[in-house]
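Take a look at the structure below.
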Amino acid sequence: MRYSDYFIHTLYEVPKEAETPSHIFLLRGSYIHPVAAGVYSLLPLGHRVAEKIKNVLREELNAIGGMEITMPVLNPAELWKKSRRYYDIGQELFRIKDRKDRDFVLAMTHEEVVTEIGKQFLRSYRDLPVMIYQIQTKIRDEARPRAGLLRVREFFMNDAYSFHTDFEDLDAYYPRIFNAYLRIFTRCGLKSIPIEADSGIMGGTGSHEFMLESPYGEDRFVLCSHCDYRANTEKAVGLKLPPEGLPNVPPPMRPVPTPNVKTIADLMKRFDSGEDHFLKTVAYEADGELVLAVIRGDFTVSTTKFTNYLKATKLEFASEGLLSSKGLFPGFLSPVGVKDIRIVFDSSVGEGIPFIAGGNEPDVHLEHVVSGRDFFVKEMTDIAEVREGDRCAKCGQGVLQIRRGIELGHTFKLGTKYTAQDSMDVTYLDANGGHQRVIMGCYGIGVERLMASAVEQWHDAGGMMLPIGIAPFEVILCALGNKPEVAQMADEIHKELTPRYEVIYDDRDESPGVKLKDADLLGIPIRVVVSQKLLKEGKVEVKVRRSGEVTICLRAELPALLEKIVAELQPCLDGLPYMPE
RNA sequence: CGGGACGUGGCUCAGCCUGGUAGAGCGCUGCGUUCGGGACGCAGAGGUCGCUGGUUCGAAUCCAGUCGUCCCGACCA
2 MRYSDYFIHT
12 LYEVPKEAET
22 PSHIFLLRGS
32 YIHPVAAGVY
42 SLLPLGHRVA
52 EKIKNVLREE
62 LNAIGGMEIT
72 MPVLNPAELW
82 KKSRRYYDIG
92 QELFRIKDRK
102 DRDFVLAMTH
112 EEVVTEIGKQ
122 FLRSYRDLPV
132 MIYQIQTKIR
142 DEARPRAGLL
152 RVREFFMNDA
162 YSFHTDFEDL
172 DAYYPRIFNA
182 YLRIFTRCGL
192 KSIPIEADSG
202 IMGGTGSHEF
212 MLESPYGEDR
222 FVLCSHCDYR
232 ANTEKAVGLK
242 LPPEGLPNVP
252 PPMRPVPTPN
262 VKTIADLMKR
272 FDSGEDHFLK
282 TVAYEADGEL
292 VLAVIRGDFT
302 VSTTKFTNYL
312 KATKLEFASE
322 GLLSSKGLFP
332 GFLSPVGVKD
342 IRIVFDSSVG
352 EGIPFIAGGN
362 EPDVHLEHVV
372 SGRDFFVKEM
382 TDIAEVREGD
392 RCAKCGQGVL
402 QIRRGIELGH
412 TFKLGTKYTA
422 QDSMDVTYLD
432 ANGGHQRVIM
442 GCYGIGVERL
452 MASAVEQWHD
462 AGGMMLPIGI
472 APFEVILCAL
482 GNKPEVAQMA
492 DEIHKELTPR
502 YEVIYDDRDE
512 SPGVKLKDAD
522 LLGIPIRVVV
532 SQKLLKEGKV
542 EVKVRRSGEV
552 TICLRAELPA
562 LLEKIVAELQ
572 PCLDGLPYMP
582 E
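If you want it as structure tokens, here you go:
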């Protein structure tokens, strides 16, 4: 392919809307073009990258028995009402009407459609298990698209769905998709870290996210300095060690006047005590019901964990009005003496430990409040935000560190969320002729986000350094100078390499500096240079974009050298943190 | 949804404060020179100054509204 015939229009300057490296370089390299906030055209180069990623996805998913299908973006609202998601999802779901005023949605994911397919065709245990997937457009009305392709409103998603006879079968299948994901990211040149993810109602090890560590990531996850524990902060649990210097026998509870002392900071001054000696009681309104969360003062309530525990659709802080209608006073809340209000305790609230808590009347706090003596715990779970430096709960030795990451993919044991009777009610007949509920898993990867992530991981000041598995071309051939013999040799090499590699041949009438800068910006993994200087000695130059390594070889040695370099650039699929199958 | 910034040729920006009818660099077209890290000369094309309304003899410039884009936060099946 000749550069002069191809659609490449690099930009010298940084477009002002771009701040992250992937956004900057994909725009400057004319890989993508913005259409609206979070909506992009993929230009020929970007399109080629996306197609390569799609092919990697197809190869790996076909290899584990997946079958590709295509489902529509346009979905009747009825389908989404059956699963309740029509009501549960907020503004992120695009809702439209057709000419007859019937309600439709633009699918943001395809559980409803695929489950309906399963319901229609998977009647017998003999039909299971089965995995079907697609690579198709997803539409989401994101509140805030950002960072170019990292968070967009329309994108290609590879979404895969598996159907199983029971949880055991799903558990047995899960490692295959997990391992396929590891191979996919590695083949796309991405260093993915699988972490335990928030799995909502499923619990356990039902869900993993594959993260690329990056300062531009929107997610946070913890990793243990000692063991292999890695988890999203929405799920991660650290050890909650009891405060030090506690009396063996706590003194009796007593009220202390505390006018105008409301915040933990004020209280610490007033009582000359550390944060971990206080009980923090936070009032929430969960789907209209007042619920109190009680947690030790040095922790923060995680709204994600708390929402999941309550199985609530909507969780907000309780209004002062709601509190006072129940006879409670903001700033002076505590679990002591509260009746007929649901109270959830975080596991940091240890029994027998004296705390300072609100007095449940204005301007009064209580000292030496002890769980199991002065109040009683009915519901206790982990609802605390994990903290940097917390001791690892898994090994007890390491320290948890918090990192930012880009979510590359997500695997999820859905269970019966969509096949349940009150959802879409999908059953099959088992060997005994009995009705059994179908169990599902779902798995997703965003194609454009992978493209952007690859640039985030692989760039330098001069531009992209694309992994060979997804680069739009494997080789860029630069003919430097205007001498006819150089062009002649470059033409010859172009003809010779084209059957074996994807080559973009920079035949433009541009100065050497322009060509070399563009080659760097575009991030093609291997650059071959033909110039008069080299030609005099019968030589050509080969440079590896990523390492910067330059080799000058005889013209005749070029094919062998390229073969060697291309082999070296292939990602290694050994030694990944595979899950035993 | 809350906070902030910005909208002027394809790109990056100046001009706005202090109103008088639009400029630079890059890119683009043609001709010539140059050729290993964004060369140069000459000639040229290209702008409803986001949009609407107001003030004014006169608005890119002042005022109001509106739309759009980006950043931080909230949100994120």
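Residues 2 to 582 (the numbering used here) make up the first sequence, in order.
Even for Gly, the Cβ is constructed at its ideal location relative to N, Cα and C.
Please read all numbers here as calculations on a predicted model, not as lab measurements.
Under the three-state DSSP convention, the category residue i falls into
i, result
"phenylalanine 333", "coil"
"glutamine 489", "helix"
"leucine 478", "strand"
"lysine 516", "helix"
"aspartate 575", "coil"
"alanine 144", "coil"
"glycine 406", "strand"
"serine 326", "helix"
"asparagine 233", "strand"
"histidine 278", "helix"
"histidine 411", "strand"
"aspartate 128", "helix"
"aspartate 6", "helix"
"histidine 227", "coil"
"lysine 340", "coil"
"proline 35", "strand"
"glutamate 219", "coil"
"lysine 379", "coil"
"valine 262", "coil"
"leucine 563", "helix"
Limits of the unbroken beta strand (DSSP E) element including residue i
i, result
"phenylalanine 186", "Here phenylalanine 186 belongs to no beta strand (DSSP E); instead the alpha helix (DSSP H) covers 168-188."
"serine 42", "40-43"
"alanine 78", "Segment 78-83 is the alpha helix (DSSP H) holding alanine 78; no beta strand (DSSP E) there."
"tyrosine 419", "Counting along the chain, tyrosine 419 falls outside any beta strand (DSSP E), and DSSP gives it neither H nor E."
Residue burial classification, residue i (beta-carbon count within 10 angstroms, cutoff 16)
i, result
"arginine 501", "exposed"
"tyrosine 13", "exposed"
"glutamine 571", "exposed"
"arginine 145", "exposed"
"alanine 557", "exposed"
"histidine 315", "As written in the sequence, residue 315 is lysine, which differs from the histidine given in the question. Lysine 315 should be labelled exposed."
"arginine 100", "exposed"
"leucine 62", "buried"
"isoleucine 54", "buried"
Residue i versus residue j - alpha carbon distance
i, j, result
"aspartate 170", "aspartate 104", "37 angstroms"
"proline 176", "threonine 282", "41 angstroms"
"asparagine 361", "proline 16", "57 angstroms"
"proline 578", "leucine 183", "8 angstroms"
"alanine 394", "serine 349", "13 angstroms"
"proline 526", "glutamate 60", "22 angstroms"
"threonine 21", "leucine 523", "16 angstroms"
"valine 302", "alanine 266", "17 angstroms"
"cysteine 1", "valine 530", "Nothing can be reported for residue 1, as the shown portion of the chain is limited to 2 through 582."
"serine 226", "alanine 237", "14 angstroms"
"arginine 141", "valine 262", "45 angstroms"
"methionine 381", "isoleucine 403", "25 angstroms"
"aspartate 164", "threonine 417", "Note on residue identity: the sequence assigns phenylalanine, not aspartate, to residue 164. Going by the C-alpha atoms only, they are around 10 angstroms apart."
"aspartate 519", "tyrosine 41", "22 angstroms"
"serine 512", "alanine 480", "10 angstroms"
"alanine 472", "valine 50", "6 angstroms"
"serine 23", "valine 448", "14 angstroms"
Per DSSP, cross-strand counterpart(s) of residue i
i, result
"glycine 435", "Partner(s): none; glycine 435 has no beta bridge."
"asparagine 249", "For asparagine 249, which the question treats as bridged, DSSP gives no partner whatsoever."
"glutamine 135", "Asp160"
"valine 370", "Phe356"
"arginine 60", "It is worth fixing the name first, because residue 60 is glutamate in this sequence and not arginine. In the DSSP output, where bridge partners are listed per residue, glutamate 60 has none listed."
"lysine 98", "Asp104"
"arginine 392", "Val400"
"tyrosine 429", "Gln437"
"aspartate 347", "Thr382"
Span of the alpha helix (DSSP H) around residue i
i, result
"methionine 269", "265-272"
"arginine 29", "22-29"
"methionine 452", "448-458"
"asparagine 258", "Note that residue 258 is proline in the sequence shown, not asparagine. Careful: proline 258 lies outside any alpha helix (DSSP H), inside the beta strand (DSSP E) at 255-258."
"isoleucine 305", "A small correction: the amino acid at residue 305 is threonine; isoleucine does not occupy that position in the sequence shown. It spans 304-311 - the alpha helix (DSSP H) in which threonine 305 sits, taken as one unbroken run."
"phenylalanine 122", "112-122"
"lysine 534", "533-537"
"aspartate 507", "Looking at the DSSP string, aspartate 507 is not in any alpha helix (DSSP H); the run it does join, the beta strand (DSSP E), is 504-507."
"proline 195", "First-last for proline 195: 194-197, but that is the beta strand (DSSP E), not the alpha helix (DSSP H)."
Near the ligand SAH: residue i beta-carbon under 7 angstroms from a heavy atom
i, result
"glycine 351", "Because no ligand of any kind appears in the structure shown, any question about the ligand SAH cannot be addressed here."
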